[in-house]
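Under this note's numbering, the first residue of the sequence shown is numbered 9, with each subsequent residue one higher.
Report on the structure given below.
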Amino acid sequence: MHADPNALTQDAAASTPPIKLAASPVQIDPYRVLELLGLGGMGRVYLAESELPKRKVAIKLMLGADVHGESFARFRQEMEVLAQLDHPGIARLYEVGELSDASQTQPWYAMEYVAGLPLDEYVKRHRLSIGQIFTLVGKIARAIHFAHQRGIIHRDLKPANILVDQEGQPKLLDFGIARLNRSESDAHVKTRMGQILGTLAYMSPEQFSSSNLLDVRADVYALGVILYELLSGELPVKLSTDSLLEVIRELTESKRKPISAHHKSLPGKSS
């Protein structure tokens, strides 16, 4: 989990006091911490290992101590989401727990550690053909469909959140802003009015207006953007400004260059 300049996932964690526990705990029982992998607005991610069974895991440790706030609710929902997703294309949840000292408790969860490359880097490094790209994205689509069948919308699909292991198996990561596809009254986490969650270039137009309009098509749209990028080497819409309002206008109003403009063998009318 790394800070992403294009991601708008600000929440209450950004304003919580710094963690009082050791910056890099040596032990999160029953795991031995090896190194810090990354950090973001809601938590730190550590590489750790267990003895029985002998394996490496990624541990996400929540920052801040507000167990009644939105950050904690979102962290807890992420654990609930992962617990439902036992699929070869999704990093598995192994265990949840709490790390405590005299003043506060920090929730954590341990999940499958994926030693792989981000999707776009994997495609470039291995120089995948068009057919191989479609096969790879097909595997991702099946993992997303599995989540959708269980009422879960990822909401932040992008190459950085999909790692490909040495066997060529893609793994979906980071369900930190995933949404349970049910009525707002049943949801554990309510998005604040006007808050945008996601990564701009991969967001469907309805994500800029109201989270209540979201359904599984938001993930389908993001996967289409990813496929376009993998095939063409560029995004469907090139963002030319840092202004949020202008970026939203560009993403919702700009015409997309058909993929056939990059690959004549693919269907679509070139303009």
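All residues carry an ideal CB built from backbone N, CA and C; glycine is no exception.
Can you confirm whether the region 263 to 272 touches the region 210 to 229 when touching is taken to mean that 3 or more C-beta pairs between the two stretches lie within less than 8 Å? no
Going by CA-CA distance only, name the one from R133, L180, A226 and D182 that's closest to G241. Within the sequence shown, residue 241 is the residue found at index 233, counting from 1. For G241, the nearest C-alpha among the options comes from R133.
Only counting the same chain, and skipping five residues up and downstream in sequence, which positions put a Cβ closer than 8 Å to that of V41? Numbered from 1 along the sequence shown, position 33 holds the residue referred to as residue 41. Once the five neighbours on either side are set aside, the close Cβ partners of V41 are S32, P33, V34, Q35, Y54, L55, A56 and I67.
Should R257 be labelled buried (16 or more other beta-carbon atoms within 10 Å of its own) or exposed? Taking the sequence shown and counting its residues from 1, one reaches residue 257 at position 249. So R257 ends up on the exposed side.
Given a cut-off of 8 Å on the beta-carbon distance, is the pair I170 and L127 in contact? As a working note, residue 170 is residue 162 in the sequence shown. As a working note, residue 127 is residue 119 in the sequence shown. In this structure, L127 lies closer than 8 Å to I170 by Cβ.
Does the region 161 to 168 come close enough to the region 102 to 118 that 3 or more CB-CB pairs lie under 8 Å? no
Paired residues, beta bridge with K179 - DSSP: Stepping through the sequence shown from its first residue, residue 179 is reached at position 171. K179 is bridged to L171.
Across which residues does DSSP place S58 in a beta bridge pair? Sequence index remark: in the sequence shown, residue 58 carries index 50 (1-based). Paired residue(s): R63.
Does DSSP put M50 in a helix, a strand or coil? Position 42 of the sequence shown, counted from the first residue, corresponds to residue 50. Residue state, collapsed to three classes: coil.
With distances taken between CB atoms, is the gap from E120 to R100 smaller than 8 Å? Counted from its first residue, the sequence shown places residue 120 at position 112. Counted from its first residue, the sequence shown places residue 100 at position 92. Contact flag set, yes.
Please state whether DSSP places Q114 in a helix, a strand or coil. Your numbering for residue 114 matches position 106 in the sequence shown. Strand, per DSSP.
Rounded to whole angstroms, what's the CA-CA distance from Y236 to L259? Just pull it up for me. The residue labelled residue 236 in the question sits at position 228 within the sequence shown. The residue labelled residue 259 in the question sits at position 251 within the sequence shown. Between Y236 and L259, the C-alpha separation is close to 15 Å.
Whole-angstrom C-beta distance between I148 and P167, which should lie under 8 Å: The residue labelled residue 167 in the question sits at position 159 within the sequence shown. The residue labelled residue 148 in the question sits at position 140 within the sequence shown. The pair is not a contact, with the Cβ atoms about 10 Å apart (cut-off 8 Å).
So which of L90, F80 and I138 has the shortest CA-CA distance to A186? By one-based count along the sequence shown, residue 186 stands at place 178. Selected option, being the one with the closest Cα: L90.
For V104, which option in D173, M50 and P38 has the closest C-alpha, if you only look at C-alpha atoms? Within the sequence shown, residue 104 is the residue found at index 96, counting from 1. Comparing Cα-Cα distances from V104 to each of D173, M50 and P38, the minimum goes to P38.
Would you please state the rounded distance, in angstroms, between the beta carbons of Y229 and S212? I believe it to be under 8 Å. As a first step, residue 229 must be located in the sequence shown, where it is residue number 221. As a first step, residue 212 must be located in the sequence shown, where it is residue number 204. So it is a contact: roughly 4 Å between Cβ atoms.
Taking only three categories from DSSP, how would you classify M211? To locate residue 211, count along the sequence shown from 1; it is residue 203. M211 falls in the coil class under three-state DSSP.
What three-state label does DSSP hand I185 in the structure shown? The residue labelled residue 185 in the question sits at position 177 within the sequence shown. Coil at I185, not helix or strand.
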